[in-house]
Amino acid sequence: MKLLLVDDYSATTDLLADIARSRGHQVTLACNAAEALVATSGEGVFELILLDIGLPDINGHELCMRLRASEKYASRSIFSLTAHDDVGERFEMSCFDGQLLKPLSLNDFESLLASSGRT
Numbered sequence: 000m001k002l003l004l005v006d007d008y009s010a011t012t013d014l015l016a017d018i019a020r021s022r023g024h025q026v027t028l029a030c031n032a033a034e035a036l037v038a039t040s041g042e043g044v045f046e047l048i049l050l051d052i053g054l055p056d057i058n059g060h061e062l063c064m065r066l067r068a069s070e071k072y073a074s075r076s077i078f079s080l081t082a083h084d085d086v087g088e089r090f091e092m093s094c095f096d097g098q099l100l101k102p103l104s105l106n107d108f109e110s111l112l113a114s115s116g117r118t
């Protein structure tokens, strides 16, 4: 499975990338929305995208909305990475297929990988 991890905190992306790669997945990393938009504009398609909400250039919700506006990513799995579990933010999160809360549970991440593709 092709996976895109978007987070400005490299410790998070490095750990998740190591886990995903050890299970045979292809991983692309982006540290901001601009890099993510470049990565998603290529010919290939990511089957799973994890977006940090607090990106330095635009927030993860806006990035998700931009991706959803494209035919290529309208129905792909996009999950948020956030440290906030605020009910008030749930409306804003409606473009996402789900969320992973930080600090991240490795079991939750592995379950997401398993349900999104092969392990």
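All the letters of the sequence shown, read from the start, carry residue numbers 0 to 118 under numbering that gives the first Met the number 0. Just so it is clear, CB atoms sit at the ideal spot from N, CA and C, and this is done for glycine as well.
The beta strand (DSSP E) runs lying completely inside the region 19 to 53 and spanning 3 residues or more are 25 to 29, 47 to 51, given in chain order.
In the DSSP assignment, Ser110 falls within the alpha helix (DSSP H) that extends over 105 to 115.
The beta-carbon distance between Ala29 and Ala38, rounded to whole angstroms, is 6 angstroms. This is short enough to meet the 8 angstroms contact definition. Phe95 is bridged by DSSP to nothing; it lacks a bridge partner.
A residue is called buried once 16 or more other Cβ atoms fall within 10 Å of its Cβ, and Ser79 is buried on that count. In this structure the region 11 to 28 touches the region 98 to 112; the number of beta carbon pairs closer than 8 angstroms is three or more.
By the beta-carbon neighbour count (other beta carbons within 10 angstroms, threshold 16), Asp13 is exposed.
In this structure, Ser93 is the residue among Arg75, Leu100, Ser93 with its C-alpha nearest to the C-alpha of Glu61. One thing to note: Leu49 has its Cβ no nearer than 9 angstroms to the Cβ of Gln25. Boundaries of the alpha helix (DSSP H) around Glu61: 59 to 67.
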